[in-house]
Amino acid sequence: MGLVLKDVIDRLGFEIKVGGDLSKVVEGCYISDLLSDVMARSNEHELWITLQTHPNIVAVSVIKGLPAIVLPNGRSPEPATAAKAEEEHVIILSSDKTTFEIAGLLYNLLKG
């Protein structure tokens, strides 16, 4: 059982860089900066935590049906990425926290 994305955003303090449907369900996360790895191993209902900020992350998110992309360490999407995400209705979030902190907080939120 998961949580609605809006609740995850509110409780973990994510900043919305590109908005969209916040009613999507989140059941976990996948952490990788290798696009082919995300394509092969991520699952629907998982947030994708990545340092990548280029437009190809949007395409991967669309193909995999992921609820949102989370950029750690205060990162922001490149302008072309944000534009593509708007066009494709892909949510991009940012956090000042590290990847480790985000994953731990999300784990505690979903499993705790």
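Note that the working numbering has the sequence shown beginning at 147, numbered continuously upward. Heads up, the beta-carbon is just placed ideally off N, CA and C, and yes, glycines get one too. Only a predicted model underlies this, so the values are computations on that prediction, with no experimental measurement involved.
Under the DSSP assignment, serine 207 falls outside any beta strand (DSSP E), being part of the alpha helix (DSSP H) whose first and last residues are 202-210.
Leucine 168 sits in coil when the DSSP states are folded into three classes, being neither helix nor strand. Between isoleucine 238 and isoleucine 215, the C-beta gap is smaller than 7 Å, which places the two residues in contact. In the three-state scheme derived from DSSP, where H, G and I count as helix and E and B as strand, glycine 159 is classed as coil. Glycine 258 and threonine 227 have their C-alpha atoms some 34 Å from each other. Distances from the CA of aspartate 179 to each of Gln198, Glu192, Leu251, Lys170 were compared; the closest alpha carbon is that of Gln198. Three or more Cβ pairs closer than 8 Å define a contact, and the stretch 231-247 meets that threshold against the stretch 159-166. Each residue's CA atom was taken as its position, placing valine 236 and lysine 170 some 11 Å apart. Taking C-beta atoms under 8 Å as the contact rule, threonine 245 and isoleucine 195 qualify, at a distance of about 5 Å. For glutamate 192, the enclosing beta strand (DSSP E) covers residues 192-195.
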